[in-house]
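Counting in the working numbering, the sequence shown runs from 43 upward without gaps. Since the structure comes first, as structure tokens, the remarks are kept for the end.
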Amino acid sequence: MNITLRQLRAFVALADSGSFTDAATSLHVTQSALSGLIKEVEQTLGVQLVNRSTRKVSLSEAGREFYPLVARLLQDLDGALDTITDLKALKRGLVRVAAPQLMSASVLPEVIAGFRQQYPDIEIRLSDCMVEHVLPKVHSGEVDFGVGPEREPSADIEAQTLFEIPFVVVFRSDHPLNKKKRVTWDDALRYPVIALKGEFTHRLRADLHESLHDEALNPANEVGFMTTAFAMVSAGLGVTTCLPYASSLIRLHQLQSRPLAPMVRRKFLVFTRRDRPLSPAAQRFSEYLLAYVTQQDWCTTAK
Numbered sequence: 043m044n045i046t047l048r049q050l051r052a053f054v055a056l057a058d059s060g061s062f063t064d065a066a067t068s069l070h071v072t073q074s075a076l077s078g079l080i081k082e083v084e085q086t087l088g089v090q091l092v093n094r095s096t097r098k099v100s101l102s103e104a105g106r107e108f109y110p111l112v113a114r115l116l117q118d119l120d121g122a123l124d125t126i127t128d129l130k131a132l133k134r135g136l137v138r139v140a141a142p143q144l145m146s147a148s149v150l151p152e153v154i155a156g157f158r159q160q161y162p163d164i165e166i167r168l169s170d171c172m173v174e175h176v177l178p179k180v181h182s183g184e185v186d187f188g189v190g191p192e193r194e195p196s197a198d199i200e201a202q203t204l205f206e207i208p209f210v211v212v213f214r215s216d217h218p219l220n221k222k223k224r225v226t227w228d229d230a231l232r233y234p235v236i237a238l239k240g241e242f243t244h245r246l247r248a249d250l251h252e253s254l255h256d257e258a259l260n261p262a263n264e265v266g267f268m269t270t271a272f273a274m275v276s277a278g279l280g281v282t283t284c285l286p287y288a289s290s291l292i293r294l295h296q297l298q299s300r301p302l303a304p305m306v307r308r309k310f311l312v313f314t315r316r317d318r319p320l321s322p323a324a325q326r327f328s329e330y331l332l333a334y335v336t337q338q339d340w341c342t343t344a345k
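Okay, structure coming up:
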């Protein structure tokens with residue numbers, strides 16, 4: 043059985059108007075074409091749907107049973123098509139993003155606020171998490187894309203560079219480092235260092251060994267979140283190192299920062315699944331995020 047949408051729309055239009063003339067006009071077809079479509083449906087179903095007379099068209103018993111089912115089907119289909127049109131036009135949509143806690147507490151709130159001004163009907167759901175949890179959330183499909191530091195390549199994950207920036211050292215305004223215009227890693231590592239647990243410190247230790255050879259990173263404290271490190275620095279318990287995209291939080295804690303020489307850089311990427319193209323809304327948000335970061339002062343070193 044092969045019934046077309048064109049035939050179903052013809053049947054509903056005729057049932058609604060009760061007139062071949064009016065139904066044909068509403069569908070922009072001739073009366074003979076409309077009559078042909080109705081006959082095709084009846085032949086396919088093997089029943090008469092319409093009682094024809096010289097004055098008025100009425101539905102047969104089968105037609106009366108068939109009409110509400112077809113009308114509801116077409117209404118649902120038209121609603122689905124309207125939804126797709128709205129999604130393409132960015133009039134609605136849902137974007138789910140995973141990002142490390144520090145980026146979620148500094149960069150992304152401003153990005154989401156700016157994006158919402160342009161696209162108020164698109165909902166952004168931010169999943170703030172440990173760095174190590176970003177890629178698993180992308181793998182599982184829990185989020186549309188993730189943002190995080192560079193990791194080992196994966197066959198099913200596509201990665202696009204968001205920015206690449208060097209580390210800074212963060213300290214209190216009354217700290218001896220505040221008197222220096224240029225701060226080296228050797229200068230910073232003379233003081234107790236508060237670092238992040240896990241892969242962050244492991245990778246930084248390896249980078250320092252590769253770049254500086256004689257330097258060793260032996261944190262006095264290792265914490266789960268950089269905001270904790272900032273609070274400890276603010277309490278006078280040491281210094282910490284981070285990336286300058288956290289400048290808003292550094293200022294919030296009334297701390298100071300300096301670029302570290304020689305530069306040790308970190309690359310942040312946007313991660314997506316290769317087998318799952320981004321929706322129009324998610325694609326537009328990722329483009330907005332990229333445009334935003336390239337305009338920030340802390341990102342000028344990556345240009």
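Glycine included, every Cβ here is placed at the ideal spot set by N, Cα and C.
Can you pull the DSSP bridge partners for residue i?
i      : result
Glu165 : Leu136
Glu264 : Ala237
Pro151 : The partner list for Pro151 (beta bridge, DSSP) is empty, contrary to what the question assumes.
Glu206 : Lys309
Gln298 : Phe213
Glu200 : Thr314
Thr72  : According to DSSP, which records beta bridges pairwise, Thr72 is partnered with nothing at all.
Phe187 : Val139
Are the beta-carbon atoms belonging to residue i and residue j less than 8 Å from one another?
i      : j      : result
Val83  : Gln49  : yes
Arg94  : Arg138 : no
Leu56  : Val112 : no
Ala273 : Leu238 : no
Val312 : Val149 : no
Leu279 : Pro234 : yes
Val180 : Ile199 : yes
Ala230 : Leu246 : no
Val92  : Ile80  : yes
Arg193 : Leu177 : yes
Leu132 : Ile154 : no
Arg307 : Ile207 : yes
Pro191 : Lys309 : yes
Pro304 : Gly135 : no
Ala147 : Leu291 : yes
Ala369 : Asp170 : The chain is shown only over 43 to 345; residue 369 falls outside these bounds and no answer can be derived.
Should residue i be labelled buried (16 or more other beta-carbon atoms within 10 Å of its own) or exposed?
i      : result
Lys222 : exposed
Gly105 : buried
Arg114 : exposed
Ile45  : exposed
Ala333 : exposed
Ile126 : exposed
Gln73  : exposed
Met268 : buried
Ala66  : buried
Leu144 : buried
Leu331 : buried
Ala248 : exposed
Ala197 : exposed
Leu285 : buried
Pro261 : buried
Leu76  : buried
Using alpha carbons as the reference points, say which of the options lies closest to residue i.
i      : options                           : result
Val335 : Pro234, Glu152 and Ile166         : Glu152
Trp340 : Glu241, Ser289 and Arg293         : Ser289
Gly78  : Thr67, Ala52, Val225 and Gly60    : Ala52
Val212 : Tyr287, Glu107, Ala147 and Gln202 : Tyr287
Ser215 : Leu87, Asp317, Leu294 and Gln117  : Leu294
Gln338 : Phe205, Ala248 and Ala323         : Phe205
Thr243 : Arg224, Asn263, Asp228 and Val225 : Asn263
Leu352 : Gln117, Ala248, Glu107 and Ala324 : Lying before the first or after the last residue shown, residue 352 is absent from the chain, which here runs from 43 to 345.
Ala324 : Gly240, Tyr161 and Cys171         : Tyr161
Arg316 : Ser182, Gln85 and Leu285          : Ser182
Gln298 : Arg224, Pro261 and Glu103         : Arg224
Glu107 : Leu87, Leu119 and Thr63           : Leu87
Could you pull out every residue in the same chain whose Cβ sits closer than 8 Å to the Cβ of residue i, ignoring the five residues on either side in sequence?
i      : result
Leu320 : Asp186, Phe187, Thr314 and Ser328
Val281 : Val211, Val212, Phe213, His217, Leu219, Ala230, Tyr233, Pro234, Val235, Ile236 and Val275
Gly60  : Lys98, Val99 and Ser100
Glu241 : Val173 and Glu174
Gly266 : Met172, Leu238 and Lys239
Hey, does residue i have any beta-carbon neighbour from chain C nearer than 8 Å?
i      : result
Ala258 : The structure shown has no chain C; it contains just one protein chain.
Could you name the residues of the same chain whose beta carbon sits closer than 6 Å to that of residue i, not counting the 5 residues immediately before and after it, in chain order?
i      : result
Leu69  : Ala55
Thr283 : Phe209 and Val211
Arg318 : none
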